[in-house]
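**Q** A single structure is presented below for examination.
There are 2 protein chains.
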Amino acid sequence: MTRQEIPYKIYLTESEMPQYWYNLRADMKNKPAPLLNPGTHQPMTAEELSGVFCEELVQQELDNDTREYPIPQEILDFYKMYRPSPLVRAYCLEKKLKTPAKIYYKFEGNNTSGSHKLNSAIAQAYYAKKQGLKGVTTETGAGQWGTALSMACAYFELDCKVYMVKVSYEQKPFRREVMRVYGASVTPSPSMTTQVGRKILEEHPGTTGSLGCAISEAVETAVGNPGYRYVLGSVLNQVLLHQSVIGMETKIAMDKYDIHPDIIIGCAGGGSNLGGLIAPFMGEKLRGEADYRFIAVEPASCPSLTRGVFAYDFADTGMVCPLAKMYTLGSDFIPAPNHAGGLRYHGMSPILSQLYDDGMMEAVSVPQTRVFEAAETFARVEGILPAPESSHAICAAIDEAVRCRETGEEKTILFGLTGTGYFDLVAYEKFHDGKMDDYVPTDEELASFRARLPRI
Amino acid sequence: MTRQEIPYKIYLTESEMPQYWYNLRADMKNKPAPLLNPGTHQPMTAEELSGVFCEELVQQELDNDTREYPIPQEILDFYKMYRPSPLVRAYCLEKKLKTPAKIYYKFEGNNTSGSHKLNSAIAQAYYAKKQGLKGVTTETGAGQWGTALSMACAYFELDCKVYMVKVSYEQKPFRREVMRVYGASVTPSPSMTTQVGRKILEEHPGTTGSLGCAISEAVETAVGNPGYRYVLGSVLNQVLLHQSVIGMETKIAMDKYDIHPDIIIGCAGGGSNLGGLIAPFMGEKLRGEADYRFIAVEPASCPSLTRGVFAYDFADTGMVCPLAKMYTLGSDFIPAPNHAGGLRYHGMSPILSQLYDDGMMEAVSVPQTRVFEAAETFARVEGILPAPESSHAICAAIDEAVRCRETGEEKTILFGLTGTGYFDLVAYEKFHDGKMDDYVPTDEELASFRARLPRI
């Protein structure tokens with residue numbers, strides 16, 4: 008088709024919108040390994056999990072078989088507020104790069120949370136409401152997930168308690184303020200509101216907190232308050248299920264205009280965006296119906312797929328959560344403090360880890376100054392100021408497009424633009440002021456974290 | 008039609024998009040009064056204006072007759088990046104208010120500049136490029152306009168010099184940083200880079216600047232640098248012409264689904280958004296083809312339409328710009344320092360001023376705590392965090408919808424949601440912390456500013 012026939016931005020009509028989430032696990036020959044009880048090292052049962060998570064979400068978490076989950080009408084109604092997200096042809100970027108490649112991106116940033124996180128937040132809030140709960144607890148680092156969950160809870164009139172890593176709470180007051188607009192209570196972590204928080208503050212009075220600690224506080228608060236459950240924004244199988252809406256929309260739009268992506272690229276922290284974007288395409292590949300190259304892009308400073316090991320590890324530094332088999336750097340790994348670009352998680356979605364181990368997808372890592380260079384190039388020609396996380400995918404997409412320029416191949420490249428960088432301008436400032444460096448952990452450092460992995 | 012037939016959000020297809028701007032002046036019986044030379048008090052000639060503005064923009068500024076301006080292809084191409092903007096039915100807000108009214112809003116915030124300002128920025132940058140200029144200068148207060156212009160200049164590879172009111176430069180480093188991403192040079196005003204800046208700094212060493220001073224610095228820099236012109240983001244006739252794209256899209260979408268708005272509401276600072284939104288509807292009213300109620304909403308702390316006078320006044324506090332006949336509070340009026348919500352301009356678009364004086368539209372003013380209450384209500388049910396400016400329109404739309412609940416009338420209300428509030432969270436914080444008050448200028452204060460109006 009010609010440019011005239013394919014719109015610049017493809018928006019599905021309401022009748023074209025996906026009506027179900029696609030459960031990638033149903034088509035995986037090697038299923039993701041089960042979560043293990045941190046005490047007994049036995050697979051977590053539904054009963055054990057339902058003390059922490061909502062019942063229907065536990066069922067989704069454990070279900071390796073059901074291929075399609077109809078999306079509840081209440082969630083479809085909410086999706087209408089900000090979905091479909093546009094699938095955009097990056098004509099201006101192609102021109103700038105002088106590449107024969109065709110570049111498309113699926114843009115998830117056009118909602119107040121600023122990212123794709125809202126897709127799962129609204130689902131998790133819905134099931135909490137349906138179960139008659141009073142509220143949910145969670146942790147947030149930079150604040151994207153906390154914002155998304157606050158919006159979802161406001162919509163369903165659920166209470167929302169967010170533990171925000173103290174350093175972010177203090178340095179990102181605007182994120183905190185958005186959550187307050189949506190009625191969430193935001194507590195800097197570690198705090199005096201939990202046992203684990205008090206213990207950490209006693210041992211490390213000056214600590215600025217960590218995601219691991221915030222998770223532990225959120226879990227403790229959920230378990231200790233009747234009518235509350237804990238929710239998580241990435242890594243889990245249920246989250247990838249909800250995020251499949253990204254890939255479903257993308258696939259419907261591409262099929263409609265007969266576009267076949269050769270390469271599909273996404274940034275990967277916990278894996279929720281990448282897992283969602285690739286889901287239906289990976290399904291075709293698993294079923295032998297089509298072939299695609301999938302590329303996970305991670306920061307060189309936190310390289311779980313490219314330099315981690317595939318092993319059981321704790322999901323949190325507090326080691327209270329179930330063990331997950333995943334590519335990991337070790338649960339006490341923390342990226343260098345100068346690392347500005349999100350994607351700081353030590354592990355990776357068990358589903359994506361299994362697919363990577365099975366050779367179904369590739370992974371690359373990129374240093375952060377290159378990421379910000381790509382971000383700025385993209386912003387200037389395509390208009391959108393991208394989140395640092397998303398810019399990892401931009402960077403890899405540009406690399407592939409430049410390769411096409413060199414070989415003359417007219418490949419079609421699709422990448423996920425997960426969000427906007429409006430709350431990441433401190434990082435952009437560092438980049439402009441030349442205060443950003445590209446520290447990469449040494450092999451020795453990684454080995455020392457690896458040595459502390461649980462022996463299972 | 009039923010809800011099933013009208014989409015929740017209406018996006019025009021590419022073939023439905025407006026191909027021309029509509030020049031409202033062509034249908035006005037009483038044309039807006041001409042700009043006057045501040046020295047001679049004679050109407051500004053095209054030659055005089057072209058020292059400051061691009062030639063084609065001067066022509067647009069002075070043209071009261073041409074009804075339709077075809078939008079140049081280069082601008083249509085840029086519009087494709089972020090237009091069409093969605094026309095949204097506010098089902099959730101209606102439900103929350105228990106109103107029989109149907110509420111629609113046209114949302115202009117889904118672009119990195121965060122507002123409708125980009126519609127005119129790209130047009131002004133295009134004509135500057137076409138004229139072979141090196142760059143443009145402008146002023147910015149809160150930073151919305153400066154951001155929009157930076158994006159437009161990056162796209163056309165034009166230099167962009169922004170004078171940013173010093174207090175905003177210091178308090179809004181993120182806005183400044185976005186402009187840097189797009190390659191603009193941002194100078195805090197007053198600065199040592201201009202004569203007028205040096206003079207002001209000498210007289211008031213500790214000043215934090217004002218929009219009027221920044222305008223004067225930007226104009227001086229444009230006039231003193233070969234290959235540069237000055238551009239402005241509101242008030243001018245040319246800006247309303249470009250912004251008519253908002254109303255054109257809205258009208259096409261509403262006509263497609265046979266929706267007739269009874270009331271059309273927009274916030275009004277300089278008037279660019281309101282003038283753009285109402286343009287084609289007002290055209291119908293002026294030609295006697297249809298009737299609508301138009302409501303301009305302004306802050307009670309800066310009430311140019313509701314408490315100002317219709318008179319010739321300076322556009323800037325430095326009194327170097329042409330005189331415009333408009334509703335004004337006096338060019339040295341500055342709203343109370345606690346005023347958080349934008350819309351701080353002392354005057355109003357000459358086009359809108361004339362229409363208001365002719366009884367073609369209404370105006371109301373609202374106190375700022377009510378504006379933020381409306382903003383929060385809207386954010387929680389409709390998802391989008393609105394800009395304080397836009398929230399003035401939300402506030403008035405809610406008032407009309409509540410009136411419908413009381414009378415049982417099923418009116419159709421349309422309002423302009425001009426932008427997002429991601430860079431206005433300091434104001435939201437003040438609101439949440441109870442530190443916002445509703446200072447309104449007294450009659451005596453307004454009279455004292457009025458007494459200093461130029462006598463023409």
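Going down the list, the protein sequences come from chains A and B. The opening residue of the first sequence carries number 8 in the numbering used here; numbering runs sequentially from there. The opening residue of the second sequence carries number 8 in the numbering used here; numbering runs sequentially from there. Built from N, CA and C at the ideal position, the CB exists for glycine as well.
Are the beta-carbon atoms belonging to G277(A) and I302(A) less than 9 Å from one another?
**A** Taking 9 Å as the Cβ cut-off, G277(A) and I302(A) do not qualify as a contacting pair.
**Q** Mind listing the chain A neighbours of R187(B)? Cutoff is C-beta to C-beta under 7 Å, in chain order.
**A** In chain order: H439.
**Q** On the three-state DSSP scale, how would you describe D450(A)?
**A** Helix, per DSSP.
**Q** Give the straight-line distance between the Cα atoms of E101(A) and Y319(B), rounded to the nearest whole angstrom.
**A** So the two alpha carbons sit approximately 50 Å from each other.
**Q** Which bits of chain A does Y15(B) rub up against, with CB to CB less than 9 Å?
**A** Per Cβ cutoff of 9 Å: E21, D84, K87, M88.
**Q** Contact criterion: CB-CB distance below 9 Å. Does C99(A) meet it with respect to chain B?
**A** Answer yes: the Cβ-Cβ gap between C99(A) and chain B drops below 9 Å somewhere.
**Q** Is the Cβ of L392(B) closer than 9 Å to any Cβ of chain A?
**A** Chain A contact via Cβ: present.
**Q** Using only the alpha-carbon positions, how far apart do D298(B) and S92(B) sit?
**A** So the two alpha carbons sit approximately 25 Å from each other.
**Q** Please name the residue, chosen from M368(B), E396(B), P310(B), that lies closest to G348(B) on a Cα-to-Cα basis.
**A** The shortest C-alpha separation from G348(B) is found at E396(B).
**Q** Are there 16 or more other CB atoms within 10 angstroms of the CB of E127(B), so buried, or fewer, so exposed?
**A** The sequence shown places Ser at residue 127(B), not Glu. Its Cβ being crowded by 16 or more others within 10 Å, S127(B) is buried.
**Q** If you follow the alpha helix (DSSP H) that E296(A) is part of, which residue opens it and which one closes it?
**A** Unbroken run through E296(A): none, as it is neither H nor E.
**Q** Quick check: is the beta carbon of F422(B) nearer than 9 Å to any beta carbon in chain A?
**A** No - not a single Cβ of chain A is within 9 Å of the one on F422(B).
**Q** By alpha-carbon positions, which one of Y18(A), K137(A), R387(A), A322(A) ends up nearest to S241(A)?
**A** Of the listed residues, the one whose Cα sits closest to S241(A) is A322(A).
**Q** Taking CB distances under 9 Å as the criterion, tell me whether E184(A) reaches chain B.
**A** Chain B, which has a Cβ nearer than 9 Å to the Cβ of E184(A), makes this yes.
**Q** Give the DSSP-derived three-state secondary structure of P79(B) in the structure shown.
**A** Coil.
**Q** Would you kindly work out how many angstroms separate the C-alpha atoms of E75(A) and D440(B), rounded to a whole number?
**A** The alpha-carbon atoms of E75(A) and D440(B) are separated by roughly 46 Å.
**Q** For V188(B), tell me which candidate among G148(B), S223(B), T119(B) has the shortest Cα-Cα distance.
**A** For V188(B), the nearest C-alpha among the options comes from T119(B).
**Q** For the candidate residues I405(A), I259(A), V203(A), P50(A), whose alpha-carbon lies nearest to that of I270(A)?
**A** For I270(A), the nearest C-alpha among the options comes from I405(A).
**Q** Tell me, please, whether the CB atom of Y176(B) is closer than 9 Å to any CB atom in chain A?
**A** Closer than 9 Å: no.
**Q** Between E369(B) and R412(B), what straight-line distance do the alpha-carbon atoms span, to the nearest angstrom?
**A** Their Cα atoms are separated by approximately 21 Å.
**Q** Considering only residues of the same chain and omitting the five flanking positions on each side of Q67(A), which have a CB-CB separation below 6 Å?
**A** Q245, L248.
**Q** Going along chain C, which residues have a C-beta under 8 Å from G150(B)?
**A** Given the protein chain composition of this structure (A and B), no chain C is represented.
**Q** Can you give me, in chain order, the residues of the region 406-432 of chain B that have a beta carbon less than 8 Å from any beta carbon in chain A?
**A** Under the 8 Å Cβ criterion, the region 406-432 of chain B contributes T427, Y429, F430, L432.
**Q** Got a sec: is the Cβ-Cβ distance from R32(A) to anything in chain B below 9 Å?
**A** Answer no: the Cβ-Cβ gap between R32(A) and chain B never drops below 9 Å.
**Q** What's the gap between the Cα of K137(A) and the Cα of M88(A)?
**A** Going by the C-alpha atoms only, they are around 20 Å apart.
**Q** Per the DSSP calculation, S122(A) is bridged to which residue(s)?
**A** Bridge partners of S122(A): G426(A).
**Q** What span of residues does the beta strand (DSSP E) with T145(B) cover, start to end?
**A** Where T145(B) is concerned, the enclosing beta strand (DSSP E) stretches over 142-147.
**Q** Rounded to the nearest angstrom, how far is the Cβ of V304(A) from that of A400(A), given a contact under 8 Å?
**A** Indeed, because the Cβ distance is near 5 Å, the residues count as touching under 8 Å.
**Q** Give the single residue among F456(B), A458(B), V65(B), N345(B) whose Cα lies nearest to the Cα of D444(B).
**A** Residue N345(B) is the option with its Cα nearest to D444(B).
**Q** Short of 7 Å in beta carbon distance, which residues of its chain neighbour Q11(B), apart from the five on each side in sequence? Order them along the chain.
**A** Here the model assigns Q11(B) a pLDDT of 44, short of 50, so the residue's position is not dependable and the matter cannot be decided.
**Q** So for G116(A), helix, strand or coil by DSSP?
**A** Residue state, collapsed to three classes: coil.
**Q** For S499(B) and P393(B), what's the separation of their Cα atoms in angstroms?
**A** With chain B covering 8 to 463 only, the question about residue 499(B) has no answer from this structure.
**Q** Looking at the structure shown, is L165(A) part of a helix, part of a strand, or coil, going by DSSP?
**A** Of the three classes helix, strand and coil, the one that applies to L165(A) here is coil, per DSSP.
**Q** Can you check which of these residues, F181(A), G142(A), Y176(A), is closest to P197(A) by C-alpha distance?
**A** Minimum Cα distance to P197(A) is reached at Y176(A).
**Q** Apart from the five residues just before and just after M464(A), which ones in its own chain have a Cβ nearer than 7 Å to its Cβ?
**A** Because residue 464(A) is not part of the residues shown, which for chain A are 8 to 463, the question remains open.
**Q** Anything in the region 142-171 of chain B with a Cβ closer than 8 Å to a Cβ of chain A? List those residues in chain order, please.
**A** Within the region 142-171 of chain B, the qualifying residues are M158, A161, Y162.
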